[in-house]
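By the count of this note's numbering, the sequence shown reaches residue 208 at its end, each step adding exactly one. Since the structure comes first, as structure tokens, the remarks are kept for the end.
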Amino acid sequence: MPYIVALTGGIASGKTTVANLFAQLGVPIIDTDIIARQVVQPDTVAYNDIIAHFGQQIVLPSHELDRNKLRTIIFNQPAERAWLNNYLHPIILSETQKLIKQEHSPYVIWVVPLLIENQWNVYADRTLIVETTPDIQLKRLQKRDNIDKNLAKNMILSQLTDEDRRRYADDIIINSHQTVDLTRQVFLLHEQYLNLSHKTTL
């Protein structure tokens with residue numbers, strides 16, 4: 007079982023960018039967003055249950071889930087978001103743990119957007135938080151998801167604040183516009199995590 011570093015942060019804070027830098031150093035990445043997409047592919051049990059709950063309005067002509075429509079529903083209706091999270095999260099966690107056990111690397115980066123909200127930090131050996139400025143976060147989210155400012159704000163407000171997240175952080179990466187600095191932060195943490203993983207196996 008490898009040493010588990012849970013990587014989290016606010017939406018559009020740059021978690022994927024940071025995870026990719028760790029991947030370039032040869033570190034396995036277990037991304038719950040990717041797992042979440044895999045477990046709701048057409049004709050899976052989760053796919054059918056979600057459609058049964060929300061109706062055919064969330065199905066595209068390709069038979070895949072209409073993520074944009076589903077996202078609009080859950081970020082404007084807290085009860086629906088709670089239902090979806092309560093349904094999907096145990097499935098995602100189970101699949102995550104299965105994938106981590108298959109890895110033979112000294113440590114893995116486990117990317118979990120809602121790590122603290124779901125109290126999944128208890129399943130990790132260490133918690134790494136990625137932060138950026140509120141302005142960058144808002145603009146990045148609007149551009150990335152092609153959404154309006156109000157929806158972007160609702161998505162950000164649905165999560166914990168950076169201040170709340172920091173209470174659980176072992177390490178923090180500041181993701182500004184300086185790519186060189188970000189790469190340096192990741193490299194230093196990589197060395198630290200390798201040392202920590204070796205200590206736990208001695």
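Backbone N, C-alpha and C define an ideal beta-carbon position, used for all residues, glycine too.
For residue i, the residue or residues it bridges with in DSSP
{"i": "Ile211", "result": "Outside the displayed span of the chain (7 to 208) sits residue 211, for which this structure offers no information."}
{"i": "Ile35", "result": "Ile115"}
{"i": "Ile40", "result": "For Ile40, which the question treats as bridged, DSSP gives no partner whatsoever."}
{"i": "Asp177", "result": "Leu134"}
{"i": "Gly15", "result": "Val136"}
Cα-Cα separation between residue i and residue j, rounded to whole angstroms
{"i": "Leu105", "j": "Thr14", "result": "18 Å"}
{"i": "Lys21", "j": "Val136", "result": "6 Å"}
{"i": "Leu71", "j": "Asp170", "result": "32 Å"}
{"i": "Asn127", "j": "Val11", "result": "9 Å"}
{"i": "Ser203", "j": "Tyr9", "result": "5 Å"}
{"i": "Gln143", "j": "Thr206", "result": "36 Å"}
{"i": "Asn26", "j": "Pro48", "result": "28 Å"}
{"i": "Ile64", "j": "Gln198", "result": "44 Å"}
{"i": "Asp131", "j": "Asp141", "result": "31 Å"}
{"i": "His69", "j": "Asp176", "result": "42 Å"}
{"i": "Lys159", "j": "Ile17", "result": "10 Å"}
{"i": "Gln83", "j": "Val118", "result": "22 Å"}
{"i": "Asp154", "j": "Tyr93", "result": "28 Å"}
{"i": "Thr23", "j": "Arg87", "result": "26 Å"}
{"i": "Met161", "j": "Phe81", "result": "6 Å"}
{"i": "Thr78", "j": "Asp151", "result": "11 Å"}
{"i": "Asp187", "j": "Ala58", "result": "47 Å"}
{"i": "Thr38", "j": "Tyr129", "result": "14 Å"}
{"i": "Lys107", "j": "Glu101", "result": "10 Å"}
{"i": "Arg173", "j": "Ile115", "result": "20 Å"}
{"i": "Ala52", "j": "Arg73", "result": "14 Å"}
{"i": "Gly61", "j": "Asn91", "result": "17 Å"}
{"i": "Phe28", "j": "Asp55", "result": "35 Å"}
{"i": "Thr189", "j": "Asn201", "result": "19 Å"}
{"i": "Ala85", "j": "Ile179", "result": "33 Å"}
{"i": "Lys75", "j": "Gln103", "result": "30 Å"}
{"i": "Lys145", "j": "Gln30", "result": "27 Å"}
Residue i, buried or exposed, once every other Cβ within 10 Å from all chains shown has been counted against 16
{"i": "His196", "result": "buried"}
{"i": "Gln191", "result": "buried"}
{"i": "Ser19", "result": "buried"}
{"i": "Leu134", "result": "buried"}
{"i": "Ile40", "result": "exposed"}
{"i": "Asn181", "result": "buried"}
{"i": "Thr185", "result": "exposed"}
{"i": "Thr50", "result": "exposed"}
{"i": "Leu147", "result": "buried"}
- [ ] Could I get the ranges of all uninterrupted alpha helix (DSSP H) runs contained in the segment 54 to 138, with 4 residues as the minimum, in chain order?
- [x] 73 to 82, 84 to 107
Task: the segment 164 to 184 contacting the segment 120 to 136, beta-carbon criterion three pairs below 8 Å - done: yes
Open item on the list: Assess contact between the segment 28 to 37 and the segment 94 to 111, defined as three or more Cβ pairs (one per stretch) separated by less than 8 Å. Is contact present?
Closed with: yes
Open item on the list: Three Cβ pairs or more, each shorter than 8 Å: is that satisfied between the segment 88 to 100 and the segment 36 to 46?
Closed with: yes
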